[in-house]
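Residues 202 to 686 (the numbering used here) are what the sequence shown spells out, left to right.
Idealized CB from N, CA, C, for every residue including glycine.
A short worksheet on the structure shown next.
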Amino acid sequence: MDELKSTLLKYWGYPSFRPGQEAIIRALLSGRDALCVLPTGGGKSLCYELPALLLPGITLVISPLISLMDDQVSRLDARGISAAALHSGITRAGRREILEKAARGEIRLLYLSPERLAASDFAAFARRPDISLVCVDEAHCISSWGYDFRPAYRKIGIFLSSLPDRPPVAAFTASADMRVREDIVSSLGLRDPYTHISSFDRPNLRFTVERPEDRRTALFRFLRKHPGESGIIYCLTRKDTERLFRMLSGAGYRVSFYHGGLSPEERVKQGNAFLGGDADLMVATSAFGMGIDKSDVRFVVHYQLPSSPEDYYQEAGRAGRDGLPSECRLFFSPKDVRIGRRLIDSSEKPRKEERAKLHAMVRYASGETCLRAFLLAWFGEEAPAFCGNCSVCCGTDSPDWLPPKEMREAELLDTLHAVRRRIAKEKKIRQDRIFRDDELRDMVLLLPKSKADLLFVEGVSPFRAFAFGGEFLEEIRLWRSLYRQ
Ligand code: ADP
Ligand code: ZN
């Protein structure tokens, strides 16, 4: 048996590597930079923990969350590997002690937050000892395109170039976005990195979309089919999270909840209840999840439409990390689109990009194509047109969800009115200078596809069609895809 396999067996007790792990480990041991994109649950940590054990010097691991660091350190401790975390939760004396131990070569892996890199005690330390490897975990935090942008991550590159002898650098992420990857490479200054990009397919996950008339009823129906199983229910807002939490605990479910508005103590308490099994269910906003290692999550329900395929896949992917069959269900109602838009308009992210992502989620939910094929294609991966394990392929997608025709048309008219109000406000012009009421009504009847089509609406001049038409056409296009018209 070679050294890698025997180390794997000795310290981790695993008989073999997962796809990609061994080649990444060999690249790091040979002193190469690396960019590793593995899906959640793919086994990222091992890819740097094992080299850290074999390399002569210390390995630094830059990690975004204190809880994540502490968790990793205690797992390494349990395996007899000496590791420590340096973060604001530790006293100054404690930090000094850790750094002294590290300088004596008694620590294999040192975890720290990106903010720590600039602290004076650490900067002094970093100039001295032999650093064999620097790992950047959750490296997508570097990119403002990414899921969890963290400005301090931007400074890692500066830190690296300040080191007297720059060690190999390895970046790890589960984000599949191409621009995020490019950002990581350029911001960290990776040199000819060994690049590993795993397939993002998770065959054990069954993707389903449901368009319930009443979400609460649908949720109870779903939960009744999964008694005692562990699952996460994602909501868009804190208010919904609390409301759902009350409803479920009132109905006798063992449930915890989590969102960004909770105090740190409360977060830990709620998170632990779920991780430790005291609660079967976790109702949460997207604030919950990063670094959560609970392998037996049997389902992830999205109570409302998430804002992008990236967010969706990241969150849904928390199901079934143990490889057993698990379900990712999305509840969708056309109403969600409006809420999603409002969130986009009130955020600072680029509106056009964010809208395109939201619209992609609408296309996902509209169930025209295999759900898995859709997601994989979004991440640039080729996949068969039918997976046989989603609600589109299995035909369990209820076809009778379409509301009566008049209701749909009223909804579109409503939306067009809202667009007109917004443009009028932004441009400070009268609403009827944009389009008149009867013109909006005609648009609903004619469903124009292009600015040229708009000219068929009686009274619309080329000037108005070109100056204002774009956003109206976008709404009409979206509505069409929503209702497959
Ligand atoms: P992530 O990529 O999400 O960070 P982790 O590193 O937490 O994933 O690994 C996910 C799970 O897979 C962990 O429970 C880990 O112990 C396990 N694991 C990692 N590598 C292997 C392996 N080669 N064989 C068996 N289990 C593994
Ligand atoms: Zn499918």
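Next item on the list: Please state whether DSSP places L261 in a helix, a strand or coil.
Entry: Three-state DSSP puts L261 in a strand.
Notebook entry, point to check: Can you name the residues that DSSP bridges to L236?
Noted result: L236 pairs with A372, T396.
Item checked: Neighbourhood of Y459 by C-beta, 7 Å cutoff - its chain only, sequence neighbours within 5 removed -> Close CB contacts of Y459 within its chain, under the 7 Å cut and outside five residues either way in sequence, are with R468, Q471, G472, M483, A485, A488, F489 (chain order).
Check: DSSP state of S333, grouped into three classes?
Finding: DSSP places S333 in strand when its eight states are reduced to three.
Notebook entry, point to check: What are the residues that DSSP puts in a beta bridge with G432?
Noted result: Beta-bridge pairing links G432 to L482, F500.
Note to self: Please tell me whether, using a cut-off of 8 Å, the distance from the CB of Q222 to the nearest non-hydrogen atom of the ligand ADP is below it.
What the structure shows: For the ligand ADP, a non-hydrogen atom lies closer than 8 Å to the CB of Q222.
Notebook entry, point to check: Cα separation between R700 and L255?
Noted result: Nothing in the structure corresponds to residue 700, since the chain is present only between 202 and 686.
Notebook entry, point to check: How long is the line joining the alpha carbons of P600 and G671, rounded to whole angstroms?
Noted result: Unreliable positioning characterises P600 in this predicted model, as indicated by a pLDDT of 43, which lies under 50. A coordinate reading is not provided.
Check: DSSP beta-bridge partners for R530?
Finding: Looking at the DSSP assignment, R530 forms a beta bridge with T409, V502.
Note to self: Just checking A666 against the ligand ADP - is the residue's beta carbon closer than 8 Å to any of the ligand's heavy atoms?
What the structure shows: No, since every heavy atom of the ligand ADP falls outside the 8 Å radius drawn around the Cβ of A666.
Margin query: Looking only at its chain, what residues have a beta carbon closer than 8 Å to the beta carbon of K652, apart from the 5 residues adjacent to it on each side?
Written below: Counting only Cβ-Cβ distances below 8 Å, and skipping sequence neighbours, we find A666, F667, G670, G671, L674.
Item checked: Bounding residues of the alpha helix (DSSP H) (the contiguous stretch that carries S567) -> 552 to 567 is the span of the alpha helix (DSSP H), which, as asked, contains S567.
Margin query: At a threshold of 8 Å, does P404 count as lining the ligand ADP (C-beta to nearest heavy atom)?
Written below: No, Cβ of P404 sits at least 8 Å from all heavy atoms of the ligand ADP.
Notebook entry, point to check: Excluding five sequence neighbours on each side, which residues of the same chain lie with their C-beta closer than 6 Å to the C-beta of L364?
Noted result: Same-chain partners within the cutoff: there are none.
Next item on the list: My understanding is that L247 touches W213, with C-beta atoms under 8 Å, so please give their C-beta distance in whole angstroms.
Entry: Confirmed, about 7 Å.
Next item on the list: Output the residue ranges of the alpha helix (DSSP H) runs that lie fully inside the region 585 to 643 and measure 4 residues or longer, sorted by chain position.
Entry: With a minimum length of 4 residues, the continuous alpha helix (DSSP H) runs that stay inside the region 585 to 643 are 606 to 628, 632 to 635.
Item checked: Any non-hydrogen atom of the ligand ZN within 8 Å of G589 CB -> Checking every heavy atom of the ligand ZN against the Cβ of G589, one is found closer than 8 Å.
Check: In chain order, what residues of the same chain have a beta carbon less than 7 Å from the beta carbon of G390, not counting five sequence neighbours either side?
Finding: Result list for G390: G358, L361, S362, in chain order.
Checklist line | Distance CB(S275)-CB(D338) smaller than 9 Å | finding: Not a contact, by the Cβ cut-off of 9 Å.
Next item on the list: Would you kindly work out how many angstroms separate the C-alpha atoms of R556 and L437, rounded to a whole number?
Entry: Computed Cα separation, rounded: 16 Å.
Margin query: Below 8 Å, how does it come out for the region 523 to 538 and the region 393 to 409: are there three or more Cβ pairs, yes or no?
Written below: In short, these stretches touch, since the Cβ pair count reaches three.
Notebook entry, point to check: Using DSSP with H/G/I as helix, E/B as strand and the rest coil, what is S387?
Noted result: DSSP, reduced to helix, strand and coil, places S387 within a helical segment of the structure shown.
Checklist line | Paired residues, beta bridge with A285 - DSSP | finding: Answer is L311, bridged to A285.
Checklist line | Between the CA atoms of L559 and A578 - distance to the nearest angstrom | finding: Distance between the alpha carbons of A578 and L559 is about 16 Å.
Next item on the list: Please report the residue range of the beta strand (DSSP E) in which Y215 lies.
Entry: Taken as a continuous stretch (DSSP letters only), Y215 belongs to no beta strand (DSSP E), as it is neither H nor E.
Margin query: Do L261 and C336 have their beta-carbon atoms positioned less than 9 Å apart in this structure?
Written below: Between C336 and L261, the gap from beta carbon to beta carbon is short of 9 Å.
Notebook entry, point to check: Rounded to a whole number of angstroms, what is the C-alpha to C-alpha distance between P220 and L209?
Noted result: Straight through space, the alpha carbons of L209 and P220 are spaced by roughly 14 Å.
Next item on the list: Quick one: measure Cβ to Cβ for F500 and H427, integer angstroms, because I've assumed they're closer than 8 Å.
Entry: Sure, about 6 Å apart at Cβ, within 8 Å.
Notebook entry, point to check: Under a Cβ-count criterion, where at least 16 other Cβ atoms within 10 Å of its own Cβ denotes burial, should E250 be classed as buried or exposed?
Noted result: Buried, because 16 or more other Cβ atoms sit within 10 Å of the Cβ of E250.
Notebook entry, point to check: Taking three-plus beta-carbon pairs below 8 Å as touching, is the region 406 to 420 in contact with the region 570 to 585?
Noted result: Yes, the region 406 to 420 is in contact with the region 570 to 585.
Note to self: Considering just the uninterrupted stretch of the beta strand (DSSP E) at Y459, what are its terminal residues?
What the structure shows: Note, Y459: beta strand (DSSP E), 456 to 459.
Next item on the list: Using alpha carbons as the reference points, say which of S399, A452, G478, M448 lies closest to G432.
Entry: It is G478 whose Cα lies nearest to the Cα of G432.
Next item on the list: Look up M379 in the DSSP assignment and say whether it is helix, strand or coil.
Entry: Helix.
Item checked: Beta-carbon gap between R382 and T374 smaller than 9 Å -> Their beta carbons are under 9 Å apart, which means R382 touches T374 by this criterion.
Notebook entry, point to check: Is any heavy atom in the ligand ZN found nearer than 8 Å to the beta carbon of R317?
Noted result: Distances taken from the Cβ of R317 to the heavy atoms of the ligand ZN include none shorter than 8 Å.
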